[in-house]
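Numbering follows full-length UniProt numbering, with no gaps: position 155 of the sequence shown is 155.
Virtual Cβ for every residue (Gly too), placed ideally from N, Cα, C.
Quantities reported herein were computed from a predicted structural model and do not represent experimental measurements.
Take a look at the structure set out below.
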Amino acid sequence: MLLTSDDITATIQSGHVRPRFDDIFMELAVNLAKRSHCIKAQVGAVLTKDTRIISIGYNGPPAGTHNCDDEFPGVGCPRDSKGSCSLALHAEENAILYAAKNGSEVAGATIYVTLSPCIACARIIYSMKITRVIYLHSYAEYKGIASDEGVDFLRKFGVTVERYSPGEGVTLVSEPPLTKRTA
């Protein structure tokens with residue numbers, strides 16, 4: 001069925017707003033973040049190409065290993081609290097690794113993440129030729145650092161990076177929790 005301009009006008013006037021794919025995929029990333037066991041930050045990622053989902057991910061340890069909140073209830077990974085990296089894979093890494101494992105072509109893809117990529121994830125995103133990154137929250141703001149190195153790196157080398165802004169009439173159902181870090 002083809003929609004006419006009258007159908008579209010009637011839909012707009014009725015108050016029904018059709019969400020953009022950016023809104024749909026970011027909402028999914030937010031929901032995926034809730035799967036994370038991380039006490040400090042729950043991050044979700046959705047990898048898409050041509051408006052189709054290639055892969056999804058959230059931050060957590062490699063499959064078959066322990067979750068930090070199970071092993072260290074209430075405090076999380078001690079490596080993380082000492083300023084070192086936890087053993088968890090980042091949401092972007094999980095999404096990209098799963099896509100690669102399953103033979104999906106990620107060159108030219110878009111990745112939606114609830115926290116902008118750290119520099120390590122930015123290098124992976126660039127190396128895999130992902131051309132667009134949409135993020136909800138700033139990694140620099142979360143970490144309390146001056147610049148978003150991952151975003152800066154990606155932009156410097158031609159990757160389109162945008163902070164997510166909901167489309168007209170769209171509200172995210174909920175946002176993943178982030179615990180402000182103290183140095």
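Spatial neighbours of residue i within its chain, please: C-beta separation below 8 Å, excluding the five flanking residues on both sides.
i: T48; result: F21, F25, I54, A109, T110, I111, Y112
i: V17; result: G167, E168, G169, V170
i: L154; result: P117, A122, I125, Y126, V133, V161
i: V164; result: Strictly speaking, residue 164 in this sequence is Tyr, with Val absent from that position. Cβ within range, chain order: D22, M26, Y112, I134, Y135, L136.
i: F157; result: Y126
Could you name the residues of the same chain whose beta carbon sits closer than 7 Å to that of residue i, not counting the 5 residues immediately before and after it, in chain order?
i: E149; result: I119
i: A99; result: L47, I54, S55, V106
Report the partner residues of residue i according to the DSSP bridge assignment.
i: G103; result: Note: G103 sits in no beta bridge, so no partner.
i: S55; result: L47
i: G60; result: L89
Which residues bound the beta strand (DSSP E) around residue i?
i: L47; result: 44-49
i: V133; result: 132-137
i: E162; result: 160-163
i: I111; result: 110-115
From which residue to which residue does the alpha helix (DSSP H) around residue i run?
i: I125; result: 119-127
i: R155; result: 149-156
i: F72; result: First-last for F72: undefined, no H or E at that position.
Looking only at its chain, what residues have a beta carbon closer than 6 Å to the beta carbon of residue i, apart from the 5 residues adjacent to it on each side?
i: L32; result: G44, I56, Y58
Would you say residue i reaches chain C, if we count a Cβ-Cβ gap shorter than 8 Å as a contact?
i: S138; result: The structure shown has no chain C; it contains just one protein chain.
Can we say the stretch 53-71 touches the stretch 85-100, given the rule of at least three CB pairs closer than 8 Å? yes
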